[in-house]
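Protein chains: 4
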Amino acid sequence: MKRKIQIGVIGSGADLKYSSEVEKSAFELGRLIAKSKNITVFGAEKDYDSLSTAASRGAKQQGGLTVGVTYGVKKDIWDKDGNTDIIIVTGLERGGGREFVLVNSCDVIISVSGGSGTLTEIAIGYQLNIPIVALIGTGGWTDKLVGTFLDSRKRLKILSARTPAEAVNMAIKVVNK
Amino acid sequence: MKRKIQIGVIGSGADLKYSSEVEKSAFELGRLIAKSKNITVFGAEKDYDSLSTAASRGAKQQGGLTVGVTYGVKKDIWDKDGNTDIIIVTGLERGGGREFVLVNSCDVIISVSGGSGTLTEIAIGYQLNIPIVALIGTGGWTDKLVGTFLDSRKRLKILSARTPAEAVNMAIKVVNK
Amino acid sequence: MKRKIQIGVIGSGADLKYSSEVEKSAFELGRLIAKSKNITVFGAEKDYDSLSTAASRGAKQQGGLTVGVTYGVKKDIWDKDGNTDIIIVTGLERGGGREFVLVNSCDVIISVSGGSGTLTEIAIGYQLNIPIVALIGTGGWTDKLVGTFLDSRKRLKILSARTPAEAVNMAIKVVNK
Amino acid sequence: MKRKIQIGVIGSGADLKYSSEVEKSAFELGRLIAKSKNITVFGAEKDYDSLSTAASRGAKQQGGLTVGVTYGVKKDIWDKDGNTDIIIVTGLERGGGREFVLVNSCDVIISVSGGSGTLTEIAIGYQLNIPIVALIGTGGWTDKLVGTFLDSRKRLKILSARTPAEAVNMAIKVVNK
């Protein structure tokens, strides 16, 4: 593949009150994706921060390329600090539609903690045969689903990584395989 | 509400090899929705049968109204027996996109067994504040998620019904509430 | 085809200030679709009336079945008078996305007058090989495009009807052909 | 705006048999967008070339950044030469859905020649208040619609540019205004 790998980082929204430690992990994921010269794809919210957005900050600190996928019809995303290189406005609502375009546009996904939105994204990834790496120890659906198949079709087992570095390496490896 | 209630029946595709007993439950759900004079919304596949489609057969046997929500750009759905009154062609792919329109168009959802597609639909329903009734004892994600909230936002608890009759009554009640 | 024909009526929104005569034509289209025992599909707005919605009133007066296709994530459409039997909530925004699901779900479309939204719908219909009948004399893009192909691919010529009765008959005929 | 401007180049597909001169203009548009340090957004087909894809080749020759927006669920786009930096897979079908995400994601659009797909995109742009610059003399809907409003709402007049250089300058200017 000549293209850089498009790695989605998905995880809880700020309303789920994740710890600063988990946020640092998400930031570190973005930083390491950038360091590997690959692309960070994230879900850009319009009302609040998220672990996904934290990854974009990490990527940007390291000079990486970031793609924010948002909902609705305007580019008025929450991140106004210049951490988003490209905004994709899906015209689909949040809660499944926007998430579908986000996941569908990734070569691989790394999940961190996560509530119902992340669950939706993991389930979409599984259905679309897009590999998912779970950063364990971060709680939420990431920890609940790691190591499992989502049904008896056994399409893709959700992979397990213990650190951001391991997660990014694993994501790159699974795509290049 | 002057409209009839739009009740989605969601569940496993035929490739997940559900039992004939579970299929009968799905059929019965459709029959009882029709008997209550409400509308059965189902996911119309183009390649195989599903519990959702079984519900449309039940609804039709009872003279009910059925709406099949499909993917792609043509109306060539698997059910060609005249059990579908209205076909909605979403232009969105299967695996999250079509499911988003399906769930979003329901007033309430009843889940039966279910693999990753059903999981996606339950997670979407939760995010969109569309009540979900789980028909327990049917296996799959229905049994795994019944009685839970999908995250600490605690939007909607997934309701539990033991029989098709209880599920349909509960679905109607939760919408009229 | 065992299904009833799904006939979309598309046209200007109320902000385009159409005449009461044109509105009557749209109403009459819905009435005649209902009389032919077929289904009226229309674009349900959340903020104002439209020719499309007028068709649903006509269909309902005649006891027909109506399907309103709307945008966003809620069923709070402008028509609250019980003229909508089924609401499809696409989760796609207005201005092309919702219109895509609407047109894609029709077997044939009848256009009345029309601004940019109608133009979008006609262009989508052409691309999806969904026949379009233009009710001439109603102005807008309907009158501008009647009798033409939209490009040198010459997929479908936009058909011309002089009266609502001729339009509905033509729509049914072109689908059954 | 800290972001680079996302400039969509839209136009005919190769099946419309555009001249090599028009193709050169599309290529030149991409080259000049890249030279201006902005981003070229294009519609990535999976079966054939297009003026939109020609723009991505121009952009890449000049070392620019390109975003290809495609349909379906896989990244198997026609351009396999490494001219696409980022692929967005919309999960929406071609013929209105994919085009909706494409246009919605642009800050401004430049149109070149164009059949029904381009017409759809121009109509979507108009509805979403995304400025459109028509490169005149290239035929198709670009020449037919230049200088007009698409309806009496008079949202946006379609701007006129005589050369690729004028078109790119005008596109940048209208966004920064």
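Chains as they are written, first to last, in my numbering: chain A, 1 to 177; chain B, 1001 to 1177; chain C, 2001 to 2177; chain D, 3001 to 3177. Every residue gets a Cβ at the ideal spot worked out from N, C-alpha and C, and that includes glycine.
#1: Gly-2125 (chain C) and Val-2103 (chain C) - do their beta-carbons sit closer together than 8 Å?
#2: Quick check: Val-2146 (chain C) and Ile-2005 (chain C), are their CB atoms within less than 8 Å of each other?
#3: Would you kindly check if the distance between the Cβ of Gly-1097 (chain B) and the Cβ of Ser-1012 (chain B) is under 8 Å?
#4: To the nearest angstrom, how far is the alpha carbon of Ile-2077 (chain C) from that of Ser-116 (chain A)?
#5: Got a sec, what are the start and stop residues for the alpha helix (DSSP H) Phe-42 (chain A) sits in?
#6: Roughly how many whole angstroms lie between the Cα atoms of Thr-3142 (chain D) and Leu-3135 (chain D)?
#7: Mind checking who Leu-1159 (chain B) pairs with in its DSSP beta bridge?
#8: Quick test of your reading: Ala-2026 (chain C) and Leu-2065 (chain C), contact by CB under 8 Å. State the CB separation rounded to the nearest angstrom.
#9: Which whole-angstrom value describes the C-beta separation of Ile-172 (chain A) and Ser-36 (chain A), a residue pair presumed to lie in contact below a C-beta threshold of 8 Å?
#10: Which residues, in chain order, does the stretch 1126-1158 of chain B contribute to contact with chain C at a C-beta distance below 8 Å?
#11: Rounding to the nearest angstrom, what Cα-Cα distance links Glu-99 (chain A) and Ser-2020 (chain C) in this structure?
#12: Under the three-state reduction of DSSP, which class applies to Gly-3032 (chain D): helix, strand or coil?
#13: State yes or no: is the C-beta of Leu-156 (chain A) within less than 8 Å of the C-beta of Val-133 (chain A)?
#14: Can you pull the chain G neighbours of Val-2073 (chain C), defined as C-beta to C-beta under 8 Å?
#15: In this structure, how does DSSP classify Val-3073 (chain D) when only helix, strand and coil are distinguished?
#16: Please report the straight-line C-alpha distance between Val-2041 (chain C) and Thr-148 (chain A), rounded to a whole angstrom.
#17: Does the distance from the CB of Ser-105 (chain A) to the CB of Ile-122 (chain A) come in under 8 Å?
#18: Who are Gly-1092 (chain B)'s beta bridge partners in DSSP?
#19: For Pro-3164 (chain D) and Asn-83 (chain A), I'd like the C-alpha separation in whole angstroms.
#20: How close, in whole Å, do the beta carbons of Asp-2151 (chain C) and Leu-3016 (chain D) come, if the pair is a contact with beta carbons under 8 Å?
#21: Taking the alpha helix (DSSP H) that Ser-2052 (chain C) belongs to, which residues open and close that run?
#22: From B:Pro-1131, B:Gly-1008, B:Thr-1138, pick the residue whose C-alpha is nearest to that of Arg-1162 (chain B); which is it?
#23: Return helix, strand or coil for Ser-2025 (chain C), following the three-state DSSP convention.
#24: If you draw a straight line from the alpha carbon of Asp-1049 (chain B) to that of Gly-1114 (chain B), how long is it in whole angstroms?
#25: Going by DSSP in three states, Ser-1116 (chain B) sits in which element: helix, strand or coil?
#26: Quick one: residues in its chain with C-beta nearer than 7 Å to the C-beta of Met-2170 (chain C), no 5 flanking neighbours on either side, listed in chain order?
#27: Which of helix, strand or coil does DSSP assign to Val-1067 (chain B)?
#28: So which residues on chain B does Gln-2062 (chain C) lean against when the C-beta distance must stay under 8 Å?
#29: Find the nearest neighbour of Leu-29 (chain A) within the set A:Lys-2, A:Glu-45, A:Lys-60, judged by alpha-carbon distance.
#30: Below 9 Å on C-beta distance, what does Thr-2120 (chain C) contact in chain B?
#31: Does Asp-1079 (chain B) pass the burial test, meaning 16 or more other C-beta atoms within 10 Å, or should it be called exposed?
#32: Just to confirm my understanding: we take Gln-2062 (chain C), look at its own chain, exclude 5 residues before and 5 after, and list those with CB closer than 6 Å. What are they?
#33: Could you tell me which residues DSSP pairs with Gly-11 (chain A) in its beta bridges?
#34: Report the three-state DSSP secondary structure of Ile-5 (chain A) (helix, strand or coil).
#35: Quick check: what's the CA-CA separation for Lys-3075 (chain D) versus Gly-3091 (chain D)?
#36: Only counting the same chain, and skipping five residues up and downstream in sequence, which positions put a Cβ closer than 6 Å to that of Asn-38 (chain A)?
Quick look at the numbers:
#1: Taking the third sequence and counting its residues from 1, the one referred to as residue 2103 (chain C) is at position 103. Taking the third sequence and counting its residues from 1, the one referred to as residue 2125 (chain C) is at position 125. Yes, the pair counts as a contact, with Cβ atoms nearer than the cut-off.
#2: Taking the first residue of the third sequence as position 1, residue 2146 (chain C) is located at position 146. Taking the first residue of the third sequence as position 1, residue 2005 (chain C) is located at position 5. No. Outside cutoff.
#3: For the purposes of this step, residue 1012 (chain B) is taken as residue 12 along the second sequence, with counting starting at 1. For the purposes of this step, residue 1097 (chain B) is taken as residue 97 along the second sequence, with counting starting at 1. No; because the gap between Cβ atoms is not below 8 Å, this pair is not in contact.
#4: Taking the first residue of the third sequence as 1, we reach residue 2077 (chain C) at position 77. Taking the first residue of the first sequence as 1, we reach residue 116 (chain A) at position 116. Computed Cα separation, rounded: 27 Å.
#5: Residue mapping note: residue 42 (chain A) aligns to position 42 of the first sequence, counting from 1. Careful: Phe-42 (chain A) lies outside any alpha helix (DSSP H), inside the beta strand (DSSP E) at 39-43.
#6: The residue given as residue 3142 (chain D) occupies position 142 in the fourth sequence. The residue given as residue 3135 (chain D) occupies position 135 in the fourth sequence. If you take the alpha carbons of Thr-3142 (chain D) and Leu-3135 (chain D), they lie about 7 Å apart.
#7: On the second sequence, position 159 is the one that residue 1159 (chain B) refers to. Its beta-bridge partners are B:Val-1133.
#8: By 1-based counting over the third sequence, the position of residue 2026 (chain C) is 26. By 1-based counting over the third sequence, the position of residue 2065 (chain C) is 65. The Cβ separation is near 17 Å, so there is no contact.
#9: Taking the first residue of the first sequence as 1, we reach residue 172 (chain A) at position 172. Taking the first residue of the first sequence as 1, we reach residue 36 (chain A) at position 36. Sure, about 6 Å apart at Cβ, within 8 Å.
#10: Leu-1128
#11: Counted from its first residue, the first sequence places residue 99 (chain A) at position 99. Counted from its first residue, the third sequence places residue 2020 (chain C) at position 20. Rounded to the nearest angstrom, the two C-alpha atoms are 43 Å apart.
#12: One-based indexing of the fourth sequence puts residue 3032 (chain D) at position 32. Per the sequence shown, the amino acid found at residue 3032 (chain D) is Leu instead of Gly. In the structure shown, Leu-3032 (chain D) sits in a helix (DSSP, three-state: H, G or I).
#13: As a working note, residue 156 (chain A) is residue 156 in the first sequence. As a working note, residue 133 (chain A) is residue 133 in the first sequence. Their beta carbons are not under 8 Å apart, which means Leu-156 (chain A) does not touch Val-133 (chain A) by this criterion.
#14: The structure shown contains no chain G; its protein chains are A, B, C and D.
#15: Counting from 1 along the fourth sequence, the entry for residue 3073 (chain D) is found at position 73. Coil, per DSSP.
#16: Here residue 2041 (chain C) is taken as the residue at index 41 of the third sequence, counted from 1. Here residue 148 (chain A) is taken as the residue at index 148 of the first sequence, counted from 1. Cα-Cα distance, rounded: 43 Å.
#17: Reading the first sequence from its first residue, position 105 is the one you call residue 105 (chain A). Reading the first sequence from its first residue, position 122 is the one you call residue 122 (chain A). No, the Cβ-Cβ distance between Ser-105 (chain A) and Ile-122 (chain A) is not below 8 Å.
#18: As a first step, residue 1092 (chain B) must be located in the second sequence, where it is residue number 92. The question names Gly, yet the displayed sequence has Leu at residue 1092 (chain B). Partner(s): D:Leu-3092.
#19: Position 164 of the fourth sequence holds residue 3164 (chain D). Position 83 of the first sequence holds residue 83 (chain A). Spanning the two alpha carbons is a distance of roughly 30 Å.
#20: Position 151 of the third sequence, counted from the first residue, corresponds to residue 2151 (chain C). Position 16 of the fourth sequence, counted from the first residue, corresponds to residue 3016 (chain D). With a Cβ gap of about 7 Å, Asp-2151 (chain C) and Leu-3016 (chain D) count as contacting.
#21: Taking the third sequence and counting its residues from 1, one reaches residue 2052 (chain C) at position 52. Counting along the chain, the alpha helix (DSSP H) containing Ser-2052 (chain C) begins and ends at 2051-2061.
#22: Reading the second sequence from its first residue, position 162 is the one you call residue 1162 (chain B). Per the Cα distances, B:Thr-1138.
#23: Working through the third sequence from its first residue, we reach residue 2025 (chain C) at position 25. DSSP places Ser-2025 (chain C) in helix when its eight states are reduced to three.
#24: Taking the first residue of the second sequence as 1, we reach residue 1049 (chain B) at position 49. Taking the first residue of the second sequence as 1, we reach residue 1114 (chain B) at position 114. C-alpha separation (whole angstroms): 13 Å.
#25: Position 116 of the second sequence holds residue 1116 (chain B). Reduced to three states, the DSSP call for Ser-1116 (chain B) is helix.
#26: As a working note, residue 2170 (chain C) is residue 170 in the third sequence. For Met-2170 (chain C), where only same-chain residues beyond five positions count, the Cβ hits under 7 Å are Val-2133, Leu-2159, Ala-2161.
#27: Looking up residue 1067 (chain B) in the second sequence gives position 67. Residue state, collapsed to three classes: strand.
#28: Here residue 2062 (chain C) is taken as the residue at index 62 of the third sequence, counted from 1. Residues of chain B passing the Cβ test: none, with the nearest at roughly 18 Å.
#29: Sequence index remark: in the first sequence, residue 29 (chain A) carries index 29 (1-based). If we check each option's Cα against that of Leu-29 (chain A), A:Lys-60 comes out closest.
#30: For the purposes of this step, residue 2120 (chain C) is identified with residue 120 of the third sequence, where counting begins at 1. By Cβ distance, chain B contributes nothing, its closest Cβ being about 13 Å from Thr-2120 (chain C), past 9 Å.
#31: Position 79 of the second sequence holds residue 1079 (chain B). With 16 or more other Cβ atoms within 10 Å, it is buried.
#32: One-based indexing of the third sequence puts residue 2062 (chain C) at position 62. Cβ within range, chain order: Arg-2031, Ala-2034, Lys-2035.
#33: For the purposes of this step, residue 11 (chain A) is taken as the residue at position 11 of the first sequence. Paired residues: A:Val-112.
#34: Residue 5 (chain A) sits at position 5 when you count from the first residue of the first sequence. Three-state result, Ile-5 (chain A): coil.
#35: As a first step, residue 3075 (chain D) is located in the fourth sequence; it is residue number 75 there, counting from the start. As a first step, residue 3091 (chain D) is located in the fourth sequence; it is residue number 91 there, counting from the start. Distance between the alpha carbons of Lys-3075 (chain D) and Gly-3091 (chain D) is about 11 Å.
#36: As a working mapping, residue 38 (chain A) is identified with position 38 in the first sequence. The residues are Lys-4, Ile-5, Ile-7.
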